[in-house]
Amino acid sequence: MLLPDRHLVADLLGRYRAWERLVLADPHDDAARRRFEDVAYTLCVLMGQRTAREAILKAESYLRHIRPVPLFAEVEGGRA
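Written as structure tokens, this is what we have:
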């Protein structure tokens, strides 16, 4: 099963929260609202969810439970 890159999920979640704060601070800023909705949509697609709220919950859960993956395979005897 393919899983999304944890760094991308974390980045999108951070962007979502930042745009959310900006939209809440100025609800009439159409450009900020569009960017916020774009990030929300991307999270929905990436996490396979229908709503932004479901995508956020799944992304947060995913980041809590993912195990780090080593960059290089462990080698026995010091050689690949």
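Letter 15 of the sequence shown, counting from 1, is numbered 15 in full-length UniProt numbering, and no numbers are missing. The beta-carbon is built from N, C-alpha and C at its ideal position, and this holds for glycine as well.
Excluding sequence positions up to five away, which residues of its chain have a Cβ less than 7 angstroms from the Cβ of residue i?
i: Asp26; result: Ala32
i: Ala52; result: Ala40, Leu43, Cys44
Relative to the C-alpha of residue i, which candidate in the options has its C-alpha closest?
i: Arg21; options: Leu8, Asp11, Phe36; result: Phe36
Sorted by chain position, which residues of the same chain lie with C-beta nearer than 8 angstroms to residue i's C-beta, five sequence neighbours on each side aside?
i: Pro4; result: Leu46, Met47, Tyr62
CA-CA distance, residue i and residue j?
i: Leu13; j: Gln49; result: 14 angstroms
i: Asp29; j: His65; result: 36 angstroms
i: Cys44; j: Leu8; result: 13 angstroms
i: Trp19; j: Glu60; result: 17 angstroms
i: Arg6; j: Ile56; result: 13 angstroms
i: Lys58; j: Asp38; result: 18 angstroms
i: Tyr41; j: Leu24; result: 18 angstroms
i: Glu54; j: Arg17; result: 15 angstroms
i: Ala10; j: Leu2; result: 17 angstroms
Which residues in the same chain have their Cβ closer than 6 angstroms to the Cβ of residue i, if we skip the five residues on either side of it in sequence?
i: Arg15; result: Val39
i: Arg34; result: none
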